[in-house]
Every structure is written in structure tokens, then in C-alpha cells.
Amino acid sequence: MALLESVFKLKGESLMNRKTRWMSMMTVMAMLMTLMALFAPVKMNVAHAANGNLALTGTATASSAQSSTFAAGKAVDGSLATYWNASSTSMPQWLQIDLGGLYTLSKIDQTFANDDVWKYKIEGSLDNTNWATLVDKSTSASGRTFSDGVNGTFRYVKLTVLSSASGYTASSQELTIIGSDEGYVISDGKTYTASSNLAKYEPGKAGDGNTSTYWAAGNGSLPQWLKVDLGSPSIVTAVEQNFKDFDTFGFKIEGSLDNTSWTMLLDRTTPAAGQAFKQAVSGQYRYVRLTVNSSASGFWAGSTEFKVYGFANLALGKSTSASTTEPGWDTFKAVDGDPNTYWLATDAAMPQSLTVDLGGISSLKRVEQNFFDPDIWKFKIEASTDNVNWTMLADKTGAGINGTFLGQDVSGNYRYVRLTVTFSQNSHWACSGELKVFGTPLERNLAVGTSVTSSSLAPGYEPWIAVDGNPNSYWIASDATMPQWIIVDLGVNSLVTRLEQNFFDADSWKFKIEGSTDKTNWTMLVDKSGTGINGTSSVTNVSGTYRYIKLTVLYSQAAHWACSGELKVFGFGSPVTTKWWESTSGVMRYYAKYYNQTFNYLTSQLDTLKSQGYGAIELVAPYPGAPDVWAGLGATDNYGVDSSLGTMAEMENLISQAHAKGIRIVVMLNPGYARDTAAMFLKAADDYRNNVYSKERYWFHFSPTPSPYERWTWSARANAYYWAYWGDNPATPQWDSNIPSYNFANQEWRDEAKKYLRFWMDKGFDGIVLDAPVVYDGINVSINNSSITDILRNYDISSNAEGAGGQEMITDWHYNLLQDYDITNWGGSGYSTIIPAINNQNPNAIDGILKNNRDAINAVNGITQTPPSWEIAGVSSTKRLLEIATLTTMGTFFYLHNGQHTIDPTTSIIPTWPAADQAMLSKLIKAQNSYKALSPNGARVKLNTNDNNKYYAFKRTNKTGTSKALVILNYQNSSQTITVNLANTDIGTSQTPIDLLNGGGAAAITSSSYTVTLPAYGFTVLGVN
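Per my numbering, the very first residue in the sequence shown carries number -15; after that it's consecutive.
Structure below.
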């Protein structure tokens, strides 16, 4: 059994035996040895940086090296001119970095020596034996440079290269590991308040870990303030403010212990130009406040992310126990954050002890003990990993202290902290007004913010609420039927040590919790299917490596509906909190029936698509129906596939093979329309004519005498009119009147729509596209949610309301992806804001247009999709590539159609381009998928150039802000030298950026003024730190 598995199995055994039986001495000795091996205080064998690229000062080793010229250390020497190369093409090969100590990691970049389709993974470890996955590219990833945000605290980082499609040798031109030992973001998830805010831009948006969302003041008046309550005095090491825009701002950041007296932490009351401001600080504070006093451009006060770094009081609110407790002076009062309450022993007898369970192994930084009464106190503070074997942290049993307070810096990795009071000169009873333990959690709840799917949901009680970190909210099933389940996807394989399930209702519950690495084969972790539990909570120590955790609720004695207030998954790892559509792009849309592209043909194209950088494909209307590009608007059979495409089994094989290659697959369906030749419509017409009830009759909308309106169509078979939204519309003559609308006003179709959506989603699709759901007959927000999006949200997939726009489609209708018609359009007359900007050689207006739609949709947790404007004809390849460079870097779900055009099979554009331009298209798509700073979700900050009317430059980040890119676009028809202002943008001014399109290093950044020369309509996309 692996070391960590042994540790946690024994640790769980000791906790159980503490309650039920004595642990044997042999078990104690075995556990002590393993705990000492894993969690002993780290010895610093090498000098190391406090933050930044930790790999530069780490120690690199590898499975093999071609020669000393290509040794492991060449991957971490800070030079893109050197690299590690394995000794042969045999796989797997690994490269490992010992950081020399524990660090909280935020980003890892890997650059190979060659551009290829690679399979690899990056793992992290505390002990160099047991590994948690940080980055998983084992299904393959196309490109050369890859940047991924990570999280968690580790000492060892290992890159394992599994394969190269072209047979290249495993390599690393540079492995960059960004992290810090100066604390973590302690403001995440805390309570934010503000002087005012706009609706949908609440204060908490500045502390949600999402750079696309933000707090915005309720009006333009200044000053305005934003404040975070850390919950308890915390050690603060740095503060950071990120404005949405680059400007000259006047502001200040202050800290306070009591919310009354304030200390200056960052003073920019003399205005400074920039967007991202970070300052190292020191001290303990509970409240941190941003006050915005001025904006040169008149921007309203706001913050995309207002962060406080440091070490939180890990003892706050945790479980406590004591040798004795006087009624009314309970143990929890020593960790409640209130200095006016305290734990008190039952009498003056000594010694007395108070123990705090931190809830998981943590790296300790400092301990503080506050007695309630001034006195000469003698005591000691110890720590333990198992609540049995103790290590001294602070020994005051000799001289003691005179007063009430002790603060002492400590080190080591522990779960339990114990205060033992041995003496009071004045015979005060043992007490603790507040026992504080500062540090970094190593073993933590990995489930918070991850993806969750469910068997069913009640609106407003979605499955992801079970992992939102809020015990007062909960997932609940749609009804009382059992069993019901939720599945938590941690995103990567993680070391799981403990599971906690909290039901919302006290009851006698029967349930089980299972774990899996592949979502197919499950291991029983918690089995309460027999006797069950009484109450609300269950805590079980487990051991193993899992990605998926499944809770299945089997029984409630009081007939409560299945629920989960919080399903906590404790362990070590780097859970993924970004949805796939927020971080993946390059979508190839296939009108398969129109182009005679069978499922088997599409399967045969997957390797080519992967090599070109595509992250997803969209399959338009695979069901039987007319083979034209508008076939998505009507089907003759809702539960089959068109015979021209193949069989259902072949479609399912396409999905399976796409997933095996790391390609997502989306389907365009339409529960809004049928075809007038469909058997179900013919039956409905007959039943209406004969006045016979059938569910099919009520699927459609018939009327003998409709109001005058062009979208009513006469049916001789029904001897009545039927509603066809797209029929007889002069604006859409190609659709004629043969697309009867389904009637969402009738329950019969609402029930059928749910069945229809479940049928297709159960096939394994990763997303769905619906055409113009806002114009479905009888639809409204409530009906849409109950009949469509509530069903889709059980699957936690992308859901695209094509043809619709506005924030309300995200916030109210509950879709998560919208077409951005403000930038480009397809399927009708050509429209683009980018091509005219290129023709006019002035891009200055583009950013404002992106703010109004793309940024507004992102701000409410939605994503936009955007294709090139192919309907605008006569655009040269250089101009088209500049348009595509803008689209793939600005932050959108980038689309192409059948490889080169929208809907016209006679228009074949890309194959006519020069080979270099065709290759550049692939490079742009690869860059967006491989370098997460260019993801559809994340911040985009326009940067000032030497002429904003000629050039467009911006900083991009991923959702968490940990991965960054610098994009510079030349909208002129001649070569230009462009200078970009990088002052206070969180882009380092002493680095060599990575050229994400051409490979290797770009011109070095040596100051806040960065200059490049670009050709006519040229662009550069740079990976930066």
C-alpha cells in the first residue's frame, strides 16, 4: 500500500477507535512512522524564492536525458534557448522538480521543443511518493506551449510525457511553476460589502475568483468603497486590486481589526496609471477596505478581483474538545472569533487542556493564545497529525508568561492543536479567550465550486449548490422518488481522505457514496444503505485516488426529498472549477446531412481536427429531416438518426472516440419545430379534424379561425390553421410553411420536450444548441426553465440559445452560451464590426462593443460564441486572419463551419489561401486552446498604445487570473512599430515572453514600455508572467 494511503487509513482508524475502542500500540507505532515521513517539518535543502517562478530555484531530475546539453536542469534555467530532451522516443518519460519546500501553486506552463499532439500530465506531491494530478492532458492536447491554472500546496511537481503523435522525444523547453510561500488568497468566499452596487454586479463578485465578473458601484459618484470581512484577524501579507479598465485611478487600501480604526496598506491617493495594483504588506487585520476616489476617464468605481493574501486563522469555527468545561463557557467560544467570549475549565485544578481539530492537515505558520484573565500563566501548545502523538510548538511551562497573550511563529504540518494549561499564579481557572492557529490548509475540501450533475433537481436547488461552500443552501431532487443521485467531478484525479455528507433535513437517511476515476467503474467508500444514519451529518475517513464522487440517496423515513446541504470531499489535489466551455474553444460545426458527412466520416476526421487545434465539434440536427442547412428547424422523428448519416451506434461511437481524444461534442437539437411530413404531425392533424384526444394533437397549435397573422398556415388535412413561426414569413422564404411549431402552452408538449432532451443528453453529448428558443410557441421564462433548461442543468453541459441575446438569457432563462451578434453574424446578410475596422484602419471602437455584449454576458457567468463573418465576401486572407486573431484572443467560443464557410457548399475560402496563412489559422486555434489565458472566459483589459486609433492591444487572463497573455494587433495596411504601456498591469517588466504562434522567445520586456514591430495587418500573441 502506498505511503499516503497507509497514513490516511491509519488516521481514519485512530479517529474511529478513539470513539469505539483502544488503538493497539503496534498501530500507534506504525502510524507515527508514516506520519513523520510525510508531515515532518520541511527541511530546506536549497535556497528558494518566496514567490514567482519557483522552478528556477528548484532541483530538476528526469527519467533520462539525451546528454548533458539536454539535462533536466535545462527545463528550469529560465532560457527558451535550452531544453531537456529524453534519451530516446520511448514513453513515458518524466521530469521532476523539487521546489525545496511547500508552496501554494497558481499556474504551470509547459513548453515542448516541438509543436505536436501531446499526451501528458502534471502531478504534485507532498512526499515524492503519492501524487495528485494538477494538469491532465492524457487524452491529448495540440500545440507547443500550454498554460494552466492550478491550486493547492505541494513540494514536488512532476511532468510525465505519455506520447507524441509525430514520434518526437519527450522534452521541456521550459517548465514554469508559479507559486508562493507567502500565503494564499484568504479573501475568497468571504463576505464583501460596498457603498453601493449595480444589479448583477454585487460586491461579492470582486471575491468570487472569476475575473469576468465584477463589482460595480451603483452610480458614478466618488468616493465609493468595497470592503471584505475575513471573519477573524488574519495575517495579511499582500493586497491586490484589479480594476476592469486601464486608467489613472486615485484609491487607497486600508486594514482594520475593529472596522473602525484603519491602517493604510496601499496608498494611491495620488493617482497612478494602471489596472492591477499589488502591494506586499504585514500585520494582522480582519477587515480590508478599498476606497476609490477618482478615475481620469470617468469610470465608475469597480473591481474585478479585490484580493487579500496571507494566512487565515484555521481554528476559527472548528471542532473543539477539552478536559473539562464549565457550563456556559463552552469550548467553541475559544475559536468563535469573539475576544469577549471564552472557554473555561470547571475548576482550578491543573493541568487542563483544550484541543482544536483544524479539519485537515495544515502547514502551520503561527499560534496565538489569549487568556481571559491577566496572570502569570504556565502552559504549552502542541500539535499532532493523529490526536495521539504530539509535537511541541510553544513551551511556556517553565517561566510562563505575565499577562494574557502569547504569539509565536511555528512550522510543521498538523491537524490537531492542543493547549495545556499547567499553572496560574492567582489560581484562575484554565481558560482561553481565543486560541488562534494561522497557516495554510493542505488537506482541504476539494469539492467547492466543481462541476456537479444530478438525477433531478428542483428549480432554485441545483446540484452545484451542494458544493458552494454555503451550509445554508442545498440541492434537492425534483420529487420524493428514490433513489436520487449527484456526481461531483473534481476535474482531475485527487487523493481523497475524508467524505462529509450533510443533509438539510434531520431524518433517518439511507445512502451510499462511491468514488471513480473514469465515471464508469465505482468503488464503495461510504455504505449507509443498511442501518443508515439518524440526523443530518455523516463523516467517514477514506483513502484512495478518485476524480468522481457519487452520492446516492436511497431512503428517507419521513419521506423527505433527496437533498444535500453540503457534500464535502477532503483531500489533496488541484480541483477544476472552470466549466469546459469556459476554457475550450475552436469549434467545428458540421451540417452533416447537407454535406453527406456520415458519423463514420466525422470519426475519421477527429485526429486531423485535433492536430489543427480544435477543441470541440458541433453536430447539427442528426435526426431524420430535410437535408438542408435549416434542418435544425424541424425533424420527422425526434428519437432517431438520419439514415444518411449512419446508425445510432455509429453516432455513439463518434461521441466516445471524440472524448477519447479530448474533443468535446455538441449537438444542435430543436424542441421547437417539427416537419409537416412527420408522422406525429399527420396524426395530430387527423386527431384535430376528428376531434379525438391524443397527446400528439396537443403537441401542436391548431385554430379554425386564427387572428390575421402571416405565421398561421392552412392545413387541409386538419381542416384548420396551424402555427408555424418560420412559415410564410417574407423574410425567410426558404423555410416556406412546412415547419409547424410545437406548442409549449400545452403540458403534453412540455412533458414530451423533457423526455426528448433527456434522450439525447443521455447519449453523452457535452452541450446543446437550440435555435431561437425565445420564439418557441407558448414559451415564457418559467416554461422554458421547467421544460428545457432545468433538464439540461442536471447534466451541467453547455447550453446555447442561438439567435437570442441579453444578460437575461443567462440569469433568467438559464442558458450559458450566446451568439455574439454585436461582433459578427452568419446565416443571413454579412455583418462584422471587425472587418470595417480593418478596412478603415481604426480599431478603437471594438473594445467598447465587446464590453457591451461579450463582457456583459461574461459578467453574469455566460459565454459568447463568434465565427468569422464569411458572408462579407472579397476579404483577403491577411485581413481575414486579423479578424480571426481578434476573435480567438478577445475571449469567445470561436466557430468555423465545415472547415471554411458558413452554409454555402460552393464557397471554399480557406483552401485558396497561401499555405502559410492556412497554417496561421491553425496556430491561432491551437493557441486559444492550449494557453488558458485566451479562454472564452476571463478578463480582457485594453492597454494604451502609441496610437489607439491604429492599434489594438490588450491583456487577457483565464477565469482565475493566474494565466496571462499580451495581444497586440496592427490594424494598419503597412508595417508599424507599436509601443504598449504595461505599467501596473501585473505583467512583469523583466521577462522574455513566449511567442505563442511562432514558438520560442519574443522580444524581451525590460520596462513598462514595450515595443514591437508588426507587418501590415499583423499580430503577436505572447505568453507572459
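C-beta: ideal position from N, C-alpha, C; glycine also.
- In the DSSP annotation of this structure, the continuous segment of the beta strand (DSSP E) that includes F227 starts and ends at Q208 to S240.
- The segment 287 to 305 and the segment 155 to 168 touch, with three or more beta-carbon pairs separated by less than 8 angstroms.
- Contact annotation: I763 and A737 have beta-carbon atoms that are not nearer than 8 angstroms.
- Residue ranges of uninterrupted beta strand (DSSP E) with 3 or more members, entirely inside the segment 238 to 269 and ordered along the chain, are 247 to 264.
- A straight-line Cα-Cα distance of about 22 angstroms links K105 and N1009.
- One alpha carbon belongs to N913, the other to F130, and they sit about 9 angstroms apart.
- Taking C-alpha positions only, L483 is separated from T870 by approximately 45 angstroms.
- Within the same chain, and ignoring the five residues on either side of V571 in sequence, the residues whose Cβ sits closer than 8 angstroms to its Cβ are Y598, G599, A600, I601, E602, V650, Q849, F877, F878, Y879 and L880.
- Along the segment 693 to 779, the beta strand (DSSP E) occurs as fully enclosed runs of 3 or more residues at 696 to 699, 704 to 707 and 751 to 755, listed in sequence order.
- Burial state of N410 is exposed, judged by a 10 Å Cβ sphere holding fewer than 16 other Cβ atoms.
- Between V436 and A450, the gap from beta carbon to beta carbon is short of 8 angstroms.
- From the listed residues N727, T153, A59 and L118, the smallest Cα separation to W102 is found for T153.
- Ranking G396, A461, W448 and D735 by CA distance to the CA of P425 puts G396 first.
- Taking a cut-off of 8 angstroms on C-beta distances, the segment 538 to 548 does not touch the segment 500 to 507, as fewer than three cross pairs fall below it.
- A200 sits in a strand when the DSSP states are folded into three classes.
- DSSP, read as helix, strand or coil, puts E186 in coil.
- Secondary structure of S567 (DSSP, three-state): helix.
- DSSP places T404 outside any alpha helix (DSSP H); the residue lies instead in the beta strand (DSSP E), whose first and last residues are N397 to S408.
- Setting aside the 5 residues that flank it on each side, N584 is surrounded in the same chain by G630 and E634, each with a C-beta closer than 7 angstroms to its C-beta; the list follows chain order.
- Under the DSSP assignment, E634 falls in the alpha helix (DSSP H) whose first and last residues are M632 to A644.
- The beta-carbon distance between S861 and P898, rounded to whole angstroms, is 7 angstroms. This is short enough to meet the 8 angstroms contact definition.
- Excluding its 5 nearest sequence neighbours in each direction, A490 has C-beta neighbours in its own chain below 6 angstroms: G519 and T520, listed in chain order.
- Only residues of its own chain outside the window of five on either side were considered, and among them N637, L638 and Q641 have a CB closer than 7 angstroms to the CB of T587, listed in chain order.
- A direct Cα-to-Cα measurement between G423 and L348 gives close to 4 angstroms.
- In this structure, DSSP gives A869 a helical state, which the three-state scheme calls helix.
- Residue pairing from DSSP places Q960 in a beta bridge opposite L998.
- Excluding its 5 nearest sequence neighbours in each direction, Y709 has C-beta neighbours in its own chain below 6 angstroms: R695, S725 and V759, listed in chain order.
- Looking at D82, V372, R273 and I345, the one whose alpha-carbon comes closest to that of L479 is I345.
- Of all alpha-carbon atoms in T247, N226, A264 and V265, the one lying nearest the alpha-carbon of A257 is that of N226.
- When Cβ pairs closer than 8 angstroms are counted between the two stretches, the segment 524 to 540 is seen to touch the segment 465 to 481, the count reaching three or more.
- Residues of the same chain with a CB within less than 6 angstroms of the CB of D626, apart from the 5 flanking positions on each side, are K577 and P608 in chain order.
- Pairing V220 with G193 gives a Cβ-Cβ distance that is not under 8 angstroms.
- Distance between A900 and L865, taken at the CA atoms: about 11 angstroms.
- The alpha-carbon of R742 is positioned some 11 angstroms away from that of F749.
- 8 angstroms or more divides the Cβ of G188 from the Cβ of S171.
- Within the same chain, G985 and A988 come within 6 angstroms of T976 by CB-CB distance, once the 5 residues on both sides are set aside.
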